[in-house]
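S.K.:
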Amino acid sequence: MNIQKLFRIPLFGIFLLFGIIAVSTSWVCIATVDSQLSEEYESNSMGIAQTIADASVDIILNRDLSALQSLIDQFLEIQGISYIYIVNENGEFLAHTFVPGIPQEILASDPGNTETVERQLSGADSYVEVGSPILAGVAGTVHIGMDKSVITLKIQQAVGRQMYLISSIFVVGIIAAIALMNLAAKPIENLLVFAVQLAREQESGQTAHSALLERKDEAGQLARLLLYFSKVADPEKAGGGVLPSSP
Amino acid sequence: MRAFTRRRFLHSSLIGGLASPWLAPASASGQVTTSGLPAGANLAVYEGVSDSEILLGTSAAFSGPSRGLGIELYRGAQAYFTHVNQQGGVSGRQIALQLYDDGYQPVPSVQNTMKLLLEDHVFALFGYVGTPTVTRVLPILKKFQQENVYMFFPFTGAQPQREPPYGEFAFNLRASYREETAGLVENFLGIGRRRIAVFYQADAYGRSGWAGVREALGAHGEQMVGEATYTRGASFSGSMRRQVEILMNTDPDAVICIGAYGACAAFLRDAVDQGLEAPIANLSFVGSENLLQLITDSVDDSERYARYLVNSQVVPSYEDESIPVVKEYGELMQRNNPQLPEILRQPDYVPFEKSFVSLEGFVNAKLMVEILNRLGASPTRAQLEEAVFTVRDFDLGIGEHVSFSEQRRQGMQRLYYTVVDNGRFVPLDDWQARFG
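Going down the list, the sequences are from chains H and P.
What the first sequence shows, in this note's numbering, is residues 1 to 247, in sequence order.
What the second sequence shows, in this note's numbering, is residues 1 to 436, in sequence order.
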């Protein structure tokens, strides 16, 4: 598609504007989704940890640990939860979901800590771990690890959808802008052709004609003005000339 | 008439086709009235009992990496049920089993149980397989306690069906995992192997065994030196090298495995390959013959691998025909050669002529029939519990008398230890000589 030199700078401006919009909205989207999803996951996990902690009291005090394992296995089916472990008040692991074994990073950590922490387990993704005390901590602690890659994936999906929309608008917008600019450039191109004809008329003595002279807009006025000036330049034709009207 | 769904087809197949030697043709159609009762049945059918049939319900692993357990348990039970049905049944009623496959997964097990209770209206649940499945089904029994629904003789030694709040809805025959693990720990400690590690399935079954080992070691002032886990459903083709590495780092004197045969055979293979020279013990649930077959089929020098094996069992050796029930089991397995219904049959699975698991199924069925006999001519679910409690010092022919009561919901306690000699499991009499 031939883009008039006159409009290349405005077109570049439009391109730049779209770029700024795409980058800024994506950045806001990433920040918002990241923040909200992280908060939501953390909040949900805290709730689940509290639920397990409440349900664990009776099991730890009265029942076999297989019932405790059965309980946490059910929660592991929730999307985003990667591991769950329960330690007693002495830090001994009572139930967990780790395969092939409890990671060294977790064995080395403070089992009674219920603060939210970020973990980078060896050979695995990074996790956000929340904790909840069982019976105010005297019966142990429940820990739940959420896979951060799930949040990252959600962000990528959200940003991807937004970028897809913006890219589509961008492509359609650029094509439309070029088409509109070419439409706007057409009278100027015709004016140029008309001016060249007028110049040649001076040399050949033939009379130049153009549909532009019939137009009521600025292009028509310019065409008539060019015709007037060509006649002013040729005093023999000046008598039959028509002065352009004011815009 | 209801649509001919897969479930209906299964029921029809069982009743009409495969179970035909011992079921009346009237039951064979599988037709139901709009009330949900089999055609021509009286109101008693609502509880799984008609004039001609007593219907028991089973959800077990008939497919997947642990299918051998469900298949062999069923075959053992069916060998006895077929015999009883050929003799005229229980008070003139044939015993039928409604089977569903849960693949050893909890969610299908729960769904199957709901079907058995709400759609099939079985008289009782019988022959379930596995801890993760049974522990999820137990709350259903409590929910249906007004209907007097009981679970009989699940193939698991876990505690949840042996203690409150669900223990009152199940009756167990086999020894518990707690007893099995305590026995293994006692014997290992007795020969000076104090550094005991555990390899277990990462679920309720594994945790039950893990807890048993922990408790038994704690009673002797010891702790397990290491632990490694695997995901339920792991097969023999998978690698257990990482688990072996984890345990080898703890320098164990012995390893107790709480798993199913596929994963435990893979662990044994990788442990021996990586130089872990310590006894590797398995619980009865493992499926000893399936495990040994995987090893012998995959390596040339299987004796080198099998010499580390020691498996606890809850039934005696099926080779010891001096035990009356073993002799009867051998005869009936040979005579009836029970197979899974066609729709559940696994073409690539070759059943064992005899196995510890099918012997357990046989013994379970024998006691089940005894209980049904004690219900008399008009059995109802409401009578079931009382009928079980009348079983006192009952001789199953296994060398251990069986008793049940309000406080005693496990019939047997005896354990047997086996090792592999010349490619087959034989009783282990001298731990010191073998592993000392």
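Quick reminder that beta carbons are idealized off the backbone N, C-alpha and C, glycines included.
In this text the structure is predicted, and so the values were computed from the model without any measurement.
Counting only runs of 3+ residues fully inside the region 152–203 of chain P, write out the beta strand (DSSP E) ranges in chain order.
M.R.: Listed in chain order, the complete beta strand (DSSP E) runs (minimum 3 residues) inside the region 152–203 of chain P are 196–201.
S.K.: Counting pairs of beta carbons, one from the region 392–401 of chain P and one from the region 322–340 of chain P, are three or more of them closer than 8 Å?
M.R.: yes
S.K.: Chain P partners of residue 99 of chain H, CB-CB under 8 Å?
M.R.: 202, 229, 230, 231
S.K.: Using a beta-carbon distance below 8 Å, is residue 64 of chain H in contact with chain P?
M.R.: yes
S.K.: Please return the same chain residues whose Cβ sits closer than 6 Å to the Cβ of residue 112 of chain H, not counting the five positions on each side in sequence.
M.R.: 141
S.K.: With distance defined between alpha-carbon atoms, name the residue in H:159, H:50, H:73 nearest to residue 31 of chain H.
M.R.: H:159
S.K.: When Cβ atoms are compared, which residues of the region 122–143 of chain H fall closer than 9 Å to chain P?
M.R.: none
S.K.: So the alpha helix (DSSP H) residue 44 of chain H belongs to, where does it begin and stop?
M.R.: Element bounds for residue 44 of chain H: 5–62.
S.K.: From residue 101 of chain P to residue 114 of chain P, what distance separates their C-alpha atoms?
M.R.: 13 Å
S.K.: What would DSSP say about residue 415 of chain P, mapped onto helix, strand or coil?
M.R.: coil
S.K.: Can you name the start and end residues of the alpha helix (DSSP H) that residue 342 of chain P belongs to?
M.R.: Careful: residue 342 of chain P lies outside any alpha helix (DSSP H) and carries neither H nor E.
S.K.: Which bits of chain H does residue 242 of chain P rub up against, with CB to CB less than 7 Å?
M.R.: 100
S.K.: Considering only residues of the same chain and omitting the five flanking positions on each side of residue 321 of chain P, which have a CB-CB separation below 7 Å?
M.R.: Cβ neighbours of residue 321 of chain P beyond the five flanking positions: 327, 330.
S.K.: Give me, in chain order, the residues of the same chain whose beta-carbon lies closer than 6 Å to that of residue 70 of chain P; leave out the 5 immediate sequence neighbours on both sides.
M.R.: 60, 61, 62, 129
S.K.: With a threshold of 8 Å between beta-carbons, can residue 274 of chain P be considered close to chain H, or not?
M.R.: no
S.K.: Quick one: residues in its chain with C-beta nearer than 7 Å to the C-beta of residue 252 of chain P, no 5 flanking neighbours on either side, listed in chain order?
M.R.: 195, 196, 197, 225, 226, 278
S.K.: Anything in the region 386–401 of chain P with a Cβ closer than 8 Å to a Cβ of chain H? List those residues in chain order, please.
M.R.: Listed in chain order, the positions of the region 386–401 of chain P with a beta carbon within less than 8 Å of a beta carbon of chain H would be empty, since no residue qualifies.
S.K.: Would you please verify whether the beta carbon of residue 53 of chain H is less than 8 Å from any beta carbon of chain P?
M.R.: no
S.K.: Would you call the CB atoms of residue 76 of chain H and residue 103 of chain H closer than 8 Å?
M.R.: The answer is no: Cβ separation not under 8 Å.
S.K.: Hey, quick one: how far does the beta strand (DSSP E) through residue 84 of chain H stretch, first residue to last?
M.R.: 81–87
S.K.: Please report how far the alpha carbon of residue 132 of chain H lies from the alpha carbon of residue 143 of chain H, in whole angstroms.
M.R.: 7 Å
S.K.: Does the beta carbon of residue 410 of chain P come closer than 8 Å to any beta carbon on chain H?
M.R.: no
S.K.: Can you find a C-beta in chain H that's less than 8 Å from the C-beta of residue 174 of chain P?
M.R.: no
S.K.: Would you mind giving the Cβ-Cβ distance between residue 210 of chain H and residue 197 of chain H, rounded to the nearest angstrom? I have them listed as a contact below 8 Å.
M.R.: 7 Å
S.K.: Short check: CB of residue 148 of chain P to CB of residue 382 of chain P, under 8 Å?
M.R.: yes
S.K.: Would you kindly work out how many angstroms separate the C-alpha atoms of residue 132 of chain P and residue 274 of chain P, rounded to a whole number?
M.R.: Looking at the two C-alpha atoms, the distance is approximately 31 Å.
S.K.: Using C-beta distances below 6 Å, list every residue in its chain close to residue 36 of chain P, excluding the 5 sequence neighbours before and after it, in chain order.
M.R.: A caution first: residue 36 of chain P carries a pLDDT of 40, below 50, which makes its placement in the model unreliable, though a value can still be read off. The answer is none, since no qualifying residue turns up.
S.K.: Quick check on this structure: which residue in H:92, H:99, H:116 has the alpha carbon closest to the alpha carbon of residue 108 of chain H?
M.R.: H:92
S.K.: Would the beta-carbon of residue 134 of chain H fall within 8 Å of that of residue 67 of chain H?
M.R.: no
S.K.: How about residue 176 of chain P and residue 159 of chain P: do their beta carbons lie closer than 8 Å?
M.R.: Cβ atoms of residue 176 of chain P and residue 159 of chain P: closer than 8 Å.
S.K.: Which same chain residues, not among the five before or five after residue 73 of chain H, have their C-beta less than 8 Å away from its C-beta?
M.R.: For residue 73 of chain H, where only same-chain residues beyond five positions count, the Cβ hits under 8 Å are 97.
S.K.: State buried or exposed for residue 27 of chain H, treating a residue as buried only when at least 16 other CB atoms are found within 10 Å of its CB.
M.R.: exposed
S.K.: Note down the Cα distance separating residue 199 of chain P from residue 263 of chain P, rounded to an integer number of angstroms.
M.R.: 10 Å
S.K.: In whole angstroms, what separates the C-alpha of residue 299 of chain P from that of residue 237 of chain P?
M.R.: 13 Å
S.K.: Looking only at its own chain, which residues have a Cβ that is under 6 Å from the Cβ of residue 65 of chain P, when we skip the five neighbours before and after it?
M.R.: 233, 235, 262
S.K.: Under 8 Å, Cβ to Cβ, is there at least one residue of chain P near residue 34 of chain H?
M.R.: no
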